[in-house]
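Please read the structure below before turning to the comments.
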Amino acid sequence: MQMGTVIGNVWATRKEDELTGLKFLIVQPEMPDRTSAGTPFIAVDRIGAGFGDQVLVTRGSAASNMSNDKQLPIDALIIGIIDSVDVETKRGE
Amino acid sequence: MQMGTVIGNVWATRKEDELTGLKFLIVQPEMPDRTSAGTPFIAVDRIGAGFGDQVLVTRGSAASNMSNDKQLPIDALIIGIIDSVDVETKRGE
Amino acid sequence: MQMGTVIGNVWATRKEDELTGLKFLIVQPEMPDRTSAGTPFIAVDRIGAGFGDQVLVTRGSAASNMSNDKQLPIDALIIGIIDSVDVETKRGE
Amino acid sequence: MQMGTVIGNVWATRKEDELTGLKFLIVQPEMPDRTSAGTPFIAVDRIGAGFGDQVLVTRGSAASNMSNDKQLPIDALIIGIIDSVDVETKRGE
Amino acid sequence: MQMGTVIGNVWATRKEDELTGLKFLIVQPEMPDRTSAGTPFIAVDRIGAGFGDQVLVTRGSAASNMSNDKQLPIDALIIGIIDSVDVETKRGE
């Protein structure tokens with residue numbers, strides 16, 4: 011999974027039928043220290059993430075393994091809102 | 011998902027049998043502010059996207075999760091035509 | 011999907027059993043104007059592509075969605091031989 | 011699969027329901043000689059990996075092929091804790 | 011698929027249960043002329059590849075389409091040992 015911060019929203023009225031009602035957020039991928047790391051992308055959110063939240067995102071077709079009856083054509087899903095990140099900097103201590 | 015703009019079309023008469031009738035568009039991937047971000051690729055379109063439209067594209071095998079009976083060998087699908095993008099630039103406001 | 015040109019062949023006598031009889035071609039990925047764009051890779055061809063053909067390639071596990079009984083361990087499939095590419099360079103005209 | 015070292019943990023109370031109870035570790039991808047190679051990412055661990063361990067990680071939707079009843083929306087899984095790596099530097103000897 | 015050369019082995023005693031007995035090789039990805047192209051990765055081998063062999067590797071979740079009863083959490087599989095590579099350098103001749 012990738013860490014990132016929610017930086018915005020995308021609206022699309024005309025879309026694949028099955029996707030009606032889903033929320034699409036713009037996520038800026040980040041390093042553990044929250045410096046930017048790569049190009050922003052769009053992720054589906056079902057857990058109530060909002061602007062500025064640090065999130066955990068599953069990318070690729072695994073994103074479509076949501077607990078629905080069928081697999082949707084989505085390739086990024088916010089799976090968690092991060093409470094804390096603990097990075098240790100010394101090996102073996 | 012990735013944002014991008016439709017910049018052209020590709021025609022292929024000889025193709026895998028199951029793909030007959032699909033429309034193949036060339037998409038230039040872009041940042042939220044519509045500056046280019048990477049190499050153009052080809053996506054299937056079923057929702058009527060056209061030249062110049064800003065679109066939302068699912069890449070990878072999730073693209074084949076279209077509402078058909080079987081999964082097709084495609085790796086990019088235009089899932090929405092973007093109405094508006096809202097990027098906020100200050101955290102916590 | 012990715013555009014590219016067929017630049018060669020690969021032969022492998024010893025291989026996973028299910029892959030016997032498949033044709034493996036080397037594809038140079040390209041931009042719409044046919045300038046090179048990245049590292050050559052190997053794709054399965056079932057539609058008769060040959061040296062110098064400009065092709066459309068599906069990459070990733072969607073390539074295994076061929077019309078067979080079972081999914082094979084392949085990650086690139088030539089899905090079309092390109093007749094023409096139409097890239098428009100001015101927006102909204 | 012990718013080699014890497016566990017460098018930390020991520021906690022997320024609010025998450026997709028099915029993911030409750032999973033452990034999320036931060037992995038720094040590495041070359042065989044353990045020099046860093048790319049951006050840290052988050053992987054699910056079920057085999058007891060800990061800080062400083064050199065691990066083998068499956069990325070992409072294959073990570074969801076865990077021995078469960080259903081496929082989860084995760085895209086990285088620690089599949090092994092590495093005991094030793096043997097890289098030979100001369101061909102044909 | 012990707013071409014590469016087997017440059018070593020990885021051993022991991024503690025691993026996901028289903029992976030017991032699989033052989034994990036280190037592969038250096040290469041161009042058709044065997045110059046290096048990217049970061050080494052780990053692939054499962056079931057066809058007897060060894061040190062120095064030039065191999066064809068399927069990456070991503072398609073690697074788990076092995077002829078088994080269930081799909082395993084692996085993302086790279088050696089599918090062939092290359093006998094010969096034929097790259098032509100002039101178009102249309």
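Chains as they are written, first to last, in the numbering used here: chain A, 11 to 103; chain E, 11 to 103; chain P, 11 to 103; chain Y, 11 to 103; chain D, 11 to 103.
Every residue, glycine too, gets a C-beta built ideally from N, C-alpha and C.
Every value quoted in this text rests on a predicted model; they were computed, and no experiment measured them.
(request) Could you have a look at Glu103 of chain D and say whether DSSP puts it in helix, strand or coil? (result) For the purposes of this step, residue 103 of chain D is taken as residue 93 along the fifth sequence, with counting starting at 1. With a pLDDT of only 39 at Glu103 of chain D, under the threshold of 50, the placement of this residue in the model should not be trusted; the figure read from the coordinates follows. For Glu103 of chain D, the three-state secondary structure derived from DSSP is coil.
(message) Rounded to whole angstroms, what is the Cα-Cα separation between Ile91 of chain D and Lys25 of chain P?
(response) As a working note, residue 91 of chain D is residue 81 in the fifth sequence. As a working note, residue 25 of chain P is residue 15 in the third sequence. Straight-line Cα distance between these residues: approximately 6 angstroms.
(message) 8 angstroms is my cut-off, CB to CB: does Glu40 of chain A come that close to chain E?
(response) Counting from one through the first sequence, the residue named residue 40 of chain A turns up at place 30. So no, Glu40 of chain A is outside the interface.
(request) List the endpoints of the continuous beta strand (DSSP E) containing Asn19 of chain E. (result) If you number the second sequence from 1, residue 19 of chain E lands on position 9. Asn19 of chain E -> beta strand (DSSP E) spans 12-21.
(message) Measuring straight from C-alpha to C-alpha, what distance separates Ala22 of chain D and Pro42 of chain Y?
(response) Looking up residue 22 of chain D in the fifth sequence gives position 12. Looking up residue 42 of chain Y in the fourth sequence gives position 32. Rounded to the nearest angstrom, the two C-alpha atoms are 14 angstroms apart.
(request) Go through its chain and collect everything with a Cβ distance to Gly60 of chain D's Cβ below 7 angstroms, but skip five positions before and after it. (result) Here residue 60 of chain D is taken as the residue at index 50 of the fifth sequence, counted from 1. Around Gly60 of chain D: Val16.
(request) Round the Cβ separation of Met76 of chain P and Pro50 of chain E to the nearest angstrom and send it over; I've been treating them as touching at under 8 angstroms. (result) Residue numbering aside, residue 76 of chain P sits at position 66 when the third sequence is read from its first letter. Residue numbering aside, residue 50 of chain E sits at position 40 when the second sequence is read from its first letter. Contact between Met76 of chain P and Pro50 of chain E is ruled out by a C-beta separation of about 25 angstroms, above the 8 angstroms threshold.
(message) Among the candidates D:Leu87, D:Gln64, D:Val65, whose CA atom is the shortest distance from the CA of Ala72 of chain Y?
(response) For this step, residue 72 of chain Y is matched to residue 62 along the fourth sequence. Comparing alpha carbon positions, the residue from D:Leu87, D:Gln64, D:Val65 closest to Ala72 of chain Y is D:Leu87.
(message) Can you pull the chain A neighbours of Leu66 of chain E, defined as C-beta to C-beta under 8 angstroms?
(response) For the purposes of this step, residue 66 of chain E is identified with residue 56 of the second sequence, where counting begins at 1. What Leu66 of chain E touches in chain A: Val20, Ala22, Lys25, Phe34, Ile52.
(request) Measuring alpha carbon to alpha carbon, tell me which of E:Met13, E:Gly48, E:Ala47, E:Val54 ends up nearest Gly31 of chain E. (result) Numbered from 1 along the second sequence, position 21 holds the residue referred to as residue 31 of chain E. Per the Cα distances, E:Val54.
(message) Considering only the alpha carbon of each residue, which of E:Gly70, E:Lys80, E:Asp96 lies closest to Met11 of chain E?
(response) As a position in the second sequence, residue 11 of chain E is number 1, starting the count at 1. Ranking the options by Cα distance to Met11 of chain E, first place goes to E:Gly70.
(message) Output needed for Glu40 of chain Y: all residues of its chain with C-beta closer than 8 angstroms, excluding positions within five of it in sequence on either side, in chain order.
(response) Residue 40 of chain Y sits at position 30 when you count from the first residue of the fourth sequence. Same-chain partners within the cutoff: Met13, Gly14, Thr15, Ser46, Ala47, Gln64.
(message) So, with DSSP's three-state summary, where would you put Leu35 of chain Y?
(response) Taking the first residue of the fourth sequence as position 1, residue 35 of chain Y is located at position 25. In this structure, Leu35 of chain Y counts as strand in the three-state DSSP scheme.
(request) Take Ile89 of chain E and list the residues in its own chain whose beta-carbon comes closer than 6 angstroms to its own, dropping the five residues that flank it on each side. (result) Residue mapping note: residue 89 of chain E aligns to position 79 of the second sequence, counting from 1. These residues qualify, in order along the chain: Leu66, Thr68.
(message) I need the DSSP call for Glu26 of chain A, collapsed to helix, strand or coil.
(response) Residue mapping note: residue 26 of chain A aligns to position 16 of the first sequence, counting from 1. In the structure shown, Glu26 of chain A sits in coil (DSSP, three-state: anything other than H, G, I, E or B).
(request) Would you check if the distance between the CB atom of Gly18 of chain Y and the CB atom of Ile36 of chain Y is smaller than 8 angstroms? (result) Start at 1 with the first residue of the fourth sequence, and residue 18 of chain Y comes out as number 8. Start at 1 with the first residue of the fourth sequence, and residue 36 of chain Y comes out as number 26. One thing to note: Gly18 of chain Y has its Cβ within 8 angstroms of the Cβ of Ile36 of chain Y.
(request) Starting from the C-beta of Leu29 of chain E, find all residues in its chain whose C-beta is less than 8 angstroms away, skip the five residues before and the five after it, and write them out in chain order. (result) Your numbering for residue 29 of chain E matches position 19 in the second sequence. Around Leu29 of chain E: Leu82, Pro83, Ile84.
(message) Please report the straight-line C-alpha distance between Gly102 of chain D and Gln38 of chain P, rounded to a whole angstrom.
(response) On the fifth sequence, position 92 is the one that residue 102 of chain D refers to. On the third sequence, position 28 is the one that residue 38 of chain P refers to. For Gly102 of chain D, the predicted structure reports a pLDDT of 45, less than 50, and the residue's modelled location is therefore unreliable. A value from the coordinates is still provided. Inter-residue distance for Gly102 of chain D and Gln38 of chain P is about 15 angstroms (C-alpha atoms, whole angstroms).
(request) Locate the beta strand (DSSP E) running through Ser94 of chain D, then write down its first and last residues. (result) By 1-based counting over the fifth sequence, the position of residue 94 of chain D is 84. Its beta strand (DSSP E) spans residues 94-97.
(request) Express the C-alpha separation of Arg44 of chain P and Val95 of chain A in angstroms, rounding to a whole number. (result) Taking the first residue of the first sequence as position 1, residue 95 of chain A is located at position 85. Taking the first residue of the third sequence as position 1, residue 44 of chain P is located at position 34. The straight-line gap from Cα to Cα measures roughly 45 angstroms.
(request) Look at the alpha carbon of Val8 of chain E and the alpha carbon of Gly58 of chain P, and state the distance between them as a whole number of angstroms. (result) Limits of chain E in this structure are 11 at one end and 103 at the other, which puts residue 8 of chain E out of reach.
(request) Can you check DSSP and say which residues form a bridge with Thr45 of chain P? (result) As a position in the third sequence, residue 45 of chain P is number 35, starting the count at 1. Its beta-bridge partners do not exist; DSSP assigns none.
(request) Taking Thr49 of chain P as the query, report the chain D residues whose CB atoms sit under 7 angstroms from its CB, ordered along the chain. (result) As a position in the third sequence, residue 49 of chain P is number 39, starting the count at 1. Those within 7 angstroms of Thr49 of chain P in chain D are Met41, Ala47.
(request) Let me know the secondary structure DSSP gives Ala59 of chain Y once reduced to three states. (result) Numbered from its first residue, the fourth sequence carries residue 59 of chain Y at position 49. The three-state secondary structure of Ala59 of chain Y, taken from DSSP, is coil.
(request) Have a look at the DSSP bridge pairing and note the partners of Gln64 of chain P. (result) One-based indexing of the third sequence puts residue 64 of chain P at position 54. Note: Gln64 of chain P sits in a beta bridge opposite P:Thr15.
(request) Could you pull out every residue in the same chain whose Cβ sits closer than 6 angstroms to the Cβ of Ser74 of chain P, ignoring the five residues on either side in sequence? (result) Here residue 74 of chain P is taken as the residue at index 64 of the third sequence, counted from 1. So the list reads Gln81, Leu82, Ile84, once near-sequence residues are dropped.
(message) Counting only C-beta atoms, is Asp93 of chain D closer than 8 angstroms to chain P at any point?
(response) To locate residue 93 of chain D, count along the fifth sequence from 1; it is residue 83. It does: the Cβ of Asp93 of chain D has a partner Cβ on chain P nearer than 8 angstroms.
(request) Note down, in chain order, all residues in the segment 68-89 of chain Y with a beta-carbon under 8 angstroms from any beta-carbon belonging to chain A. (result) Gly70, Ser71, Ala73, Ser74, Lys80, Gln81, Leu82, Pro83, Ile84, Asp85, Ala86: these are the residues of the segment 68-89 of chain Y whose beta carbon lies less than 8 angstroms from some beta carbon of chain A, given in chain order.
(message) Below 7 angstroms, is the gap between the Cβ of Leu32 of chain P and the nearest heavy atom of the ligand PLP?
(response) Ligands displayed in this structure: none; no statement on the ligand PLP is therefore possible.
(message) Between Asp55 of chain Y and chain D, is any beta-carbon pair separated by less than 8 angstroms?
(response) Walking along the fourth sequence from the start, residue 55 of chain Y turns up at place 45. For Asp55 of chain Y, the answer is no, since every Cβ of chain D falls outside 8 angstroms of its Cβ.
(message) For Ala72 of chain E, report the span of its beta strand (DSSP E) as first-last.
(response) Taking the first residue of the second sequence as 1, we reach residue 72 of chain E at position 62. Annotation: Ala72 of chain E is outside any beta strand (DSSP E) and is labelled neither H nor E by DSSP.
(request) Step through the CB atoms of chain D and report whether any lies within less than 8 angstroms of the CB of Glu28 of chain Y. (result) Position 18 of the fourth sequence holds residue 28 of chain Y. Output row for Glu28 of chain Y: interface = no.
(request) Please report how far the alpha carbon of Asp27 of chain E lies from the alpha carbon of Phe34 of chain P, in whole angstroms. (result) The residue labelled residue 27 of chain E in the question sits at position 17 within the second sequence. The residue labelled residue 34 of chain P in the question sits at position 24 within the third sequence. Near 19 angstroms, if we compare the C-alpha coordinates of Phe34 of chain P and Asp27 of chain E.
(request) Assign Leu82 of chain Y to one of three DSSP states: helix, strand, or coil. (result) Translated into the one-based positions of the fourth sequence, residue 82 of chain Y becomes position 72. Taken through DSSP and simplified to helix, strand or coil, Leu82 of chain Y comes out as coil.
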